[in-house]
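Below is one structure; the comments refer to it alone.
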Amino acid sequence: MELAAILAVPALASGLSLSPLGRRFAALITLVAAAIVLGLAASVAIGVMRSGRLDALDQWLTCDALGALILLLVAFVGFTAAIFSWGYIGGRAEQQAKIQRYYCLYNLFLLSMLAVPLLANVALMWIAVELTTLLSAFLVGFEDTAEALEAAWKYVVLTTLGAVLALLGFLILYWGSRVAGLEPFTWVGLAEAAPHMPPALLWPAFLLILVGFGTKVGLVPMHTWLPDAHSQAPASICALLSGVETTTALYVILRLFPVVGSAPGLDARPWFIGFGLVSVGIATLLLIYVRDFKRMFAFSTVEHMGIILVAAGLGGAEAHIGAAYQITGHAIAKSFCFFAAGMTVMAAGTQEIAAVRGLIRSSPLSALALVAGGFAIAGAPPFAIFVSELVILKAGLTSGQYLAIALLAFFVVVAFCAVMFHVNRMAFGVPERDTPVKAAPLSCKVTLALAAIPLIAIGLYVPGPLQELLNAAASAMGG
Amino acid sequence: MTSASFPVISALDALTGALFLLTALGVVATRQVLASLQLFILQSLLLALSAVLLGIGLGSPHLLAVAAITIATKTLMIPWLLRHTVSAEVYRTREIERVLNIPSSLLISAVLIMVAYAVANPLLNAVDVPFAHVNLPLGIAAMFLGAFTIAVRREAVPQLLGLLAVENGVFFAGIAIVPNLPVIAELAAAVDVPVITLVIGLLTRQIHRRLGTTSVGRLAALREE
């Protein structure tokens, strides 16, 4: 029941956002809907922990632990970003219709992301992933500047091209499961069919989906659109794009991992580790030279996606728990960073790292948030990503994959230094001139405070139920 | 069961496939936006024709539905959407700005077609399905050519047509390898393609209004220094 309601609520809210009651009503209804979705997602997660899997609507909707984890993270960021939108978008002197369109698309975008882990049929799930791009295109281009439109264009064309490649992969996968004699085109059905599928079909299908959806995840070398889109969209949308949209596409690739793994003679692990390490390495390099702080957070997303892919490829329960923990830490920390970046843009009026100096004096809250967020995504203790990266490195060492681990550790350390160097200069550097500072809206401060709770909490202490969810999600990624 | 069981349908499908590939080459090589669009419509009609032939050959009513949806969305709805969002771009006669000249483009296209056959071969050796030996390599080739079109075109509408040609290629392969797929083809074709066109069309209009050009290839404000 909750599964269907989770999809119905944002659908309803998107329609109501366009009502003649105006922009404040649209903002309010979006906020209420996001809160309800978060509550429902939490109840789904609890239900999944009790019974292992939830089904609804004649098994068209389904949710296991890995799905529940993604669902919970999407719902959480959807909620905090809705609060952030209140002041960040709602406070602008834009036309009423444009603001209402923003909220309508916001709800639809959220709906498409929530649908990805819930749809049982793999073909429908493909459409949901495709819709996440198409529904967010105008949110990326919302600022209506030359840069924002360029970013939206690259985003739509490249990720749609990737999705169409992935479609051929899914068609071949369906072909394979028919050859193996199994009908339901679901993840469960695929896992059963995989050992009987001809490897000559399964392997190209896997590569097509890895490259196709890898484009949406932002894996190097298909990442070129990502820093543009994630730096030009409004901060509230960046939080969703970077925090969870990339993860929903990665979720599909992670689902594929045990399917390929169960086929005799196929090994996806070198591809996961290879793609992951290249992404981490290139992102680290780009992090050193970056000039725009929103782009910096975008490159950090590419880095994190690479780390998760490497962790999945290392194999073993330990590494997969690390991956699930990293997914969680990334969603929470990265959305927090973009909220902080949005506050900084509002305070300083620029996205250039070099133009922001001594923020701690002019806008202490933004500076504090930037530093905390920077520490969190770079992987400093006591934040979650420190723990997850440690778990992943340790798991790799235990299983004897020294070269991959050495490279990963090196990149992670360099990336840490790069992020901290930039953030430190922005917060504590000596300002060249005094710039007038605008006060941040209350709703943005509330968002930061709310998002900070899990940011700090889960690094220090993972509550029992969450730990169980992470473990179960890790086992869904296969051994 | 092999495609030898239906010699006439097989031959017709091979002919359709050859024409399908020619239209894909045409989309790469043509100089005008309107001609590009007309070639795309022709390509979609050939896709529908192949779906009908396979539908008869394999006795699959699903494929007849795919054909009907293809005609409705790709030959009627997409031209209509483009006319209503970016008519000036489509119906003004002028040359498309391109990165590479036509002879070199066609030479690269020839290489891409050979690569497509090399890619499709191991799959066909693994599983014998009727018609797949025509549709799979040609579909993959059309897919490559569509992607190549996106790479060499600098303008918005031609890039969109390249993207839709990639999708046509995927479906051309798809109708042979999964003739009775339940919802994918129907829903993907019915929902996805018009939404892509609408979103990209509206975005193109916004870019044109804002920047006075649709040469998206020239937009290069965002990059690493």
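Protein chains in written order, with the working numbering: chain A, 313 to 791; chain W, 12 to 236.
Glycine included, every Cβ here is placed at the ideal spot set by N, Cα and C.
Reference residue i, options the options, closest by Cα
{"i": "GLY488/A", "options": "ALA478/A, LYS410/A and ALA506/A", "result": "ALA506/A"}
{"i": "CYS375/A", "options": "GLY526/A, GLY359/A, VAL668/A and VAL735/A", "result": "GLY359/A"}
{"i": "LEU378/A", "options": "ARG404/A, PRO582/A, GLN371/A and LEU430/A", "result": "LEU430/A"}
{"i": "LEU65/W", "options": "ALA152/W, GLY28/W and LEU118/W", "result": "GLY28/W"}
{"i": "VAL210/W", "options": "HIS95/W, THR86/W and ILE20/W", "result": "HIS95/W"}
{"i": "VAL548/A", "options": "LYS606/A, ALA393/A, VAL428/A and GLY526/A", "result": "First, the residue type needs correcting, since residue 548/A is Ser and not Val in the sequence shown. Selected option, being the one with the closest Cα: ALA393/A."}
{"i": "ILE343/A", "options": "LEU422/A, GLN371/A, LEU315/A and ARG404/A", "result": "Before going further, note that residue 343/A is Leu rather than Ile in the sequence given. Taking only the C-alpha atoms, the option nearest LEU343/A is LEU422/A."}
{"i": "LEU134/W", "options": "TYR486/A, LEU513/A, LEU385/A and ALA435/A", "result": "LEU513/A"}
{"i": "GLY399/A", "options": "PHE651/A, LEU715/A and MET738/A", "result": "PHE651/A"}
{"i": "TYR601/A", "options": "GLY654/A, ILE665/A, LEU578/A and ALA561/A", "result": "ILE665/A"}
{"i": "LEU123/W", "options": "ALA152/W, GLU106/W and ILE113/W", "result": "ALA152/W"}
{"i": "LEU384/A", "options": "ALA643/A, LEU553/A and LEU578/A", "result": "ALA643/A"}
{"i": "LEU23/W", "options": "ARG103/W, LEU57/W, VAL44/W and GLY70/W", "result": "LEU57/W"}
{"i": "LEU520/A", "options": "LEU477/A, LEU760/A, PRO570/A and PRO743/A", "result": "LEU477/A"}
For residue j and residue i, the rounded distance between their alpha carbons
{"i": "ALA167/W", "j": "GLN407/A", "result": "27 Å"}
{"i": "ALA158/W", "j": "LEU324/A", "result": "37 Å"}
{"i": "GLY618/A", "j": "ALA475/A", "result": "19 Å"}
{"i": "PHE805/A", "j": "LEU447/A", "result": "Here chain A covers residues 313 to 791 and nothing more, so residue 805/A does not appear."}
{"i": "GLN663/A", "j": "ALA463/A", "result": "15 Å"}
{"i": "PRO539/A", "j": "GLY68/W", "result": "49 Å"}
{"i": "ALA568/A", "j": "LEU381/A", "result": "Note that residue 568/A is Leu in the sequence shown, not Ala. Looking at the two C-alpha atoms, the distance is approximately 17 Å."}
{"i": "PRO148/W", "j": "PHE482/A", "result": "17 Å"}
{"i": "GLY776/A", "j": "LEU175/W", "result": "49 Å"}
{"i": "THR13/W", "j": "ALA143/W", "result": "Caution is warranted here: a pLDDT of 48 is assigned to THR13/W, below 50, making its placement in the model unreliable, and the coordinate value is therefore given only provisionally. Answer to the nearest angstrom: the Cα atoms are 10 Å apart."}
{"i": "PHE155/W", "j": "ILE633/A", "result": "39 Å"}
{"i": "ALA137/W", "j": "TRP515/A", "result": "12 Å"}
{"i": "THR640/A", "j": "THR710/A", "result": "23 Å"}
{"i": "LYS860/A", "j": "ALA545/A", "result": "Nothing can be reported for residue 860/A, as the shown portion of chain A is limited to 313 through 791."}
{"i": "PHE611/A", "j": "ALA458/A", "result": "22 Å"}
{"i": "GLY628/A", "j": "THR34/W", "result": "49 Å"}
{"i": "VAL622/A", "j": "LEU436/A", "result": "28 Å"}
{"i": "VAL202/W", "j": "ILE89/W", "result": "12 Å"}
{"i": "SER120/W", "j": "PRO693/A", "result": "53 Å"}
{"i": "ALA786/A", "j": "HIS508/A", "result": "24 Å"}
{"i": "TRP499/A", "j": "SER55/W", "result": "32 Å"}
{"i": "ARG103/W", "j": "LEU45/W", "result": "8 Å"}
{"i": "ALA681/A", "j": "ALA316/A", "result": "36 Å"}
Check: residue i C-beta below 6 Å from any heavy atom of the ligand MG
{"i": "VAL668/A", "result": "This structure does not include the ligand MG; it has no bound ligands of any sort."}
Neighbour flag for residue i against chain A, beta carbons, 7 Å
{"i": "MET12/W", "result": "Residue placement at MET12/W is poorly supported in this model, since its pLDDT is 45, which falls under 50; the coordinates are not used for a value here."}
{"i": "ALA232/W", "result": "yes"}
{"i": "LEU192/W", "result": "yes"}
{"i": "GLN43/W", "result": "no"}
{"i": "GLU166/W", "result": "no"}
{"i": "GLY66/W", "result": "no"}
{"i": "PRO133/W", "result": "yes"}
{"i": "GLY28/W", "result": "no"}
{"i": "LEU175/W", "result": "no"}
{"i": "ASP139/W", "result": "no"}
{"i": "LEU214/W", "result": "yes"}
{"i": "VAL189/W", "result": "yes"}
{"i": "ASP203/W", "result": "yes"}
{"i": "LEU222/W", "result": "yes"}
{"i": "ILE207/W", "result": "yes"}
Residue-chain proximity (residue i, chain W), Cβ-Cβ < 7 Å
{"i": "ALA464/A", "result": "yes"}
{"i": "ALA512/A", "result": "yes"}
{"i": "ALA347/A", "result": "no"}
{"i": "THR444/A", "result": "no"}
{"i": "VAL622/A", "result": "no"}
{"i": "ASP579/A", "result": "no"}
{"i": "LEU461/A", "result": "yes"}
{"i": "LEU568/A", "result": "no"}
{"i": "TRP583/A", "result": "no"}
{"i": "TRP372/A", "result": "no"}
{"i": "VAL491/A", "result": "yes"}
{"i": "LEU483/A", "result": "yes"}
Sequence-distant residues of its chain with Cβ nearer than 6 Å to residue i (five each side left out)
{"i": "ALA62/W", "result": "LEU74, VAL77, ALA78 and ILE186"}
Nonlocal neighbours in the same chain, by C-beta distance under 8 Å from residue i, ignoring five residues either side
{"i": "VAL97/W", "result": "ALA167, VAL168, GLY212, THR215, ARG216, HIS219 and THR225"}
{"i": "PRO72/W", "result": "GLY66"}
Own chain, CB closer than 7 Å to residue i, minus 5 neighbours either side, in chain order
{"i": "LEU330/A", "result": "GLN412 and CYS416"}
{"i": "VAL163/W", "result": "ARG109, VAL110, LEU111 and SER116"}
Cutoff 7 Å: residue i Cβ touching any chain D Cβ
{"i": "ASP540/A", "result": "In the structure shown, chain D does not exist; the protein chains are A and W."}
query = Whole alpha helix (DSSP H) runs in the segment 490-517 of chain A with 4 or more residues, listed along the chain?
reply = Counting only runs of 4 or more residues that sit fully inside the segment 490-517 of chain A, the alpha helix (DSSP H) segments are 499-505, in chain order.
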